[in-house]
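Colleague: Read in order, the letters of the sequence shown correspond to residues 60 to 394 in full-length UniProt numbering.
Using N, Cα and C, we set each Cβ at its ideal position, and we do this for glycine too.
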Amino acid sequence: PSIEAMKIALKVAHVEPCRACRYPESRGDLTILLSHIVLGCKFVCSAVNKAGLAKLIGLAGETNVQGEEQKKLDVLSNEVFIKALTSSGRTCMLVSEEDEEAIFVEPSKRGRYIVVFDPLDGSSNIDCGVSIGTIFGIYLVEKNGEPTLDDVLQSGNSMVAAGYCMYGSSCMFVLSTGCGVNGFTLDPSLGEFILTHPDLKIPTKGKIYSVNEGNAKNWDAPTAKYVESCKFPKDGSSPKSLRYVGSMVADIHRTLLYGGIFLYPADQKNPNGKLRVLYEVFPMSFLMEQAGGQSFTGKQRALDLVPNMIHDRSPIFLGSYDDVEEIKALYAGEE
Ligand code: AHG
Ligand code: MN
Ligand code: MN
Ligand code: MN
């Protein structure tokens with residue numbers, strides 16, 4: 060690696076000094092947990108890169124609790140993260156998109172953290188080699204005794220960290236522990252993530268909107284009005300560009316870097332939208348706010364939601380501060 064890259068690598072060690080000041084009692088458990096998550100991401104990245112060669116493309120043959128046909132990589136990634144997380148010795152409960160029930164870690168391996176995760180996001184893009192990812196959120200259980208579902212059925216405000224890894228043209232790990240957002244790029248020759256995007260901030264306003272417009276016929280009025288205004292702005296500004304990958308991680312990553320808005324709204328068929336609160340909506344909302352953007356459900360700030368069940372869904376509008384303000388105004392006008 061070049062000297063510049065080494066300088067950047069050295070910065071990794073100084074990413075978040077503010078955490079140590081805020082939590083002087085901390086003993087490095089979160090760091091150990093994160094290093095196990097990073098290991099899981101490297102493993103999945105390597106599997107994704109050779110999916111076509113290693114016969115990892117195609118269906119696994121089972122259907123998950125969401126009613127989706129699982130791909131081989133969904134199943135493999137889920138197994139990888141369950142192993143990586145339990146072997147950290149720092150988790151007590153896991154919630155995965157691919158498992159109907161929460162997983163309670165056996166007492167001998169138990170720690171104080173709960174991890175919620177989407178092991179492989181963007182399943183429909185696996186077989187054509189388009190960017191996919193992993194999403195996670197972390198909670199700390201402060202009480203003693205057995206963990207219960209109530210420890211995770213809390214508002215997104217109680218998340219202590221969240222992030223995603225994107226398996227794209229490069230492999231990127233984006234993380235927030237509540238002190239802003241940092242982005243790391245995997246250097247395949249080192250096998251390490253290097254801090255390439257310190258203190259990421261989303262532009263206040265963007266020129267891109269991102270939504271599955273194939274659902275437009277079933278949208279409610281505020282969503283329809285908003286998308287219409289992206290295409291035919293009334294204030295004389297230029298129309299926005301449409302970009303939609305269909306992998307939330309990739310669409311959010313682009314939104315974070317370039318600005319703009321990502322929408323997965325409610326529609327007549329799916330009154331709660333499609334994306335899942337615990338392991339899609341909350342982690343991405345946490346990151347978006349930490350980067351200076353906003354996240355809104357159509358009714359409230361997304362992180363204020365309290366899920367009733369682990370696989371609950373919610374409509375979601377998130378991205379640049381000013382763009383989300385516009386959609387909030389349209390929903391406020393409906394009341
Ligand atoms: P997953 O692959 O983890 O089930 O998530 C799929 C999600 C998300 O990645 C994406 O934003 C959305 O589904 C795309 O849905 P549509 O195909 O309905 O646009
Ligand atoms: Mn899925
Ligand atoms: Mn997903
Ligand atoms: Mn998934």
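#1: Mapping the DSSP letters down to three states, classify Glu-393 as helix, strand or coil.
#2: Go ahead and pull the three-state DSSP assignment for Ala-72.
#3: Could you check which residue in Gly-273, Lys-358, Phe-345 has the C-alpha nearest to that of Gly-239?
#4: Can you round the beta-carbon distance between Tyr-223 and Thr-263 to whole angstroms, since I take them to be within the 8 Å contact cut?
#5: Beta strand (DSSP E) containing Asn-303: first to last residue?
#6: Looking at Gly-111 and Gly-188, is the spacing between their C-beta atoms short of 9 Å?
#7: Run the proximity test for Gly-305: is its beta-carbon closer than 8 Å to any non-hydrogen atom belonging to ligand 1?
#8: Looking at the structure shown, is Arg-313 part of a helix, part of a strand, or coil, going by DSSP?
#9: How many whole angstroms separate the CB atoms of Leu-89 and Val-107, which I take to be in contact at a CB cut-off of 8 Å?
#10: Which same chain residues end up closer than 8 Å to Lys-333 when comparing Cβ atoms and leaving out the 5 residues on each side of it in sequence?
#11: Starting from Phe-355, trace the beta strand (DSSP E) in both directions and tell me its first and last residue.
#12: Looking only at its own chain, which residues have a Cβ that is under 7 Å from the Cβ of Lys-290, when we skip the five neighbours before and after it?
#13: Decide if Ser-190 is buried, meaning its Cβ has at least 16 other Cβ atoms within 10 Å, or exposed.
#14: With H, G and I counted as helix, E and B as strand and the rest as coil, what does DSSP make of Met-368?
#15: Quick one: what does DSSP say Ala-119 is sitting in, helix, strand or coil?
#16: Near Tyr-390, which residues of its chain fall below 6 Å by C-beta distance, leaving aside the five closest residues on each side in sequence?
#17: When you measure from the CB of Pro-178 to every non-hydrogen atom of ligand 4, does any distance come out below 8 Å?
#18: Which term fits Leu-349, buried or exposed, when burial requires 16 or more other beta carbons within 10 angstroms of its beta carbon?
#19: Identify every run of the beta strand (DSSP E) within the segment 136-212, keeping only runs that are complete inside it and at least 3 residues long; order them along the chain.
#20: State the beta-bridge partners of His-256 as determined by DSSP.
#21: Measuring alpha carbon to alpha carbon, tell me which of Glu-159, Gly-273, Asp-294, Leu-315 ends up nearest Ser-235.
#22: Going by the CB atoms, is the gap between Met-218 and Phe-376 shorter than 9 Å?
#23: Quick one: is the Cβ of Ser-183 within less than 8 Å of any heavy atom of ligand 1?
#24: Locate the beta strand (DSSP E) running through Gly-99, then write down its first and last residues.
#25: At what residues does the beta strand (DSSP E) containing Val-219 begin and finish?
#26: Given 8 Å as the limit, tell me if Gln-213 has its C-beta closer than that to any heavy atom belonging to ligand 5.
#27: Using C-beta distances below 8 Å, list every residue in its chain close to Asn-367, excluding the 5 sequence neighbours before and after it, in chain order.
#28: For a minimum of 3 consecutive residues, which ranges assigned as the beta strand (DSSP E) are wholly contained in the segment 255-298?
#29: Name the one or two DSSP bridge partners that Ile-320 has.
#30: Is residue 397 near ligand 2, in the sense that its beta carbon is under 8 Å from a heavy atom of that ligand?
#31: Which two residues bound the contiguous beta strand (DSSP E) that contains Ser-349?
#32: I'd like the list of long-range same chain contacts for Leu-362, defined as Cβ closer than 6 Å, with 5 residues on each side in sequence excluded.
#33: For Val-139, count neighbouring Cβ atoms within 10 angstroms of its own Cβ and tell me buried if that reaches 16, exposed if not.
#34: Taking DSSP's pairing of strands, which residues face Leu-249 in a bridge?
#35: Report the option in Arg-302, Ser-155, Met-307 whose CA atom is closest to the CA atom of Ile-267.
#36: Got a sec, what are the start and stop residues for the beta strand (DSSP E) Lys-130 sits in?
Modeller: Per the coordinate set shown:
#1: helix
#2: Because the pLDDT of Ala-72 is 47, which lies under 50, any placement of that residue in the model is unreliable, and the question is left without a value.
#3: Phe-345
#4: Incorrect: roughly 22 Å between the Cβ atoms, too far for contact.
#5: It is Tyr, not Asn, that sits at residue 303 in the sequence shown. Boundaries cannot be given for Tyr-303, as no beta strand (DSSP E) includes it and DSSP labels it neither H nor E.
#6: Yes, these two residues count as a Cβ contact at 9 Å.
#7: yes
#8: helix
#9: Approximately 26 Å separates the beta-carbon atoms of Leu-89 and Val-107; this is outside 8 Å, ruling out the contact.
#10: Tyr-323, Arg-372
#11: 353-355
#12: Pro-298
#13: buried
#14: If DSSP states are grouped into helix, strand and coil, Met-368 belongs with coil.
#15: strand
#16: Pro-281, Gly-357
#17: yes
#18: Going by the sequence as given, residue 349 is Gln instead of Leu. That one is buried.
#19: 150-155, 169-180, 191-199
#20: His-256 is bridged to Gly-242.
#21: Leu-315
#22: No, they are not a contact pair.
#23: yes
#24: Looking at the DSSP string, Gly-99 is not in any beta strand (DSSP E); the run it does join, the alpha helix (DSSP H), is 88-108.
#25: 218-226
#26: This structure lacks ligand 5; the ligands present are ligand 1, ligand 2, ligand 3 and ligand 4.
#27: Leu-212
#28: 267-269
#29: Tyr-268, Gly-378
#30: Because the chain spans 60 through 394 in this model, residue 397 falls outside it and cannot be assessed.
#31: It should be noted that the sequence gives Gln, not Ser, for residue 349. That residue, Gln-349, is in no beta strand (DSSP E); its alpha helix (DSSP H) goes 341-349.
#32: Gly-215, Asn-216, Ser-344
#33: buried
#34: As computed with DSSP, Leu-249 is found in no beta bridge at all.
#35: Arg-302
#36: 128-130
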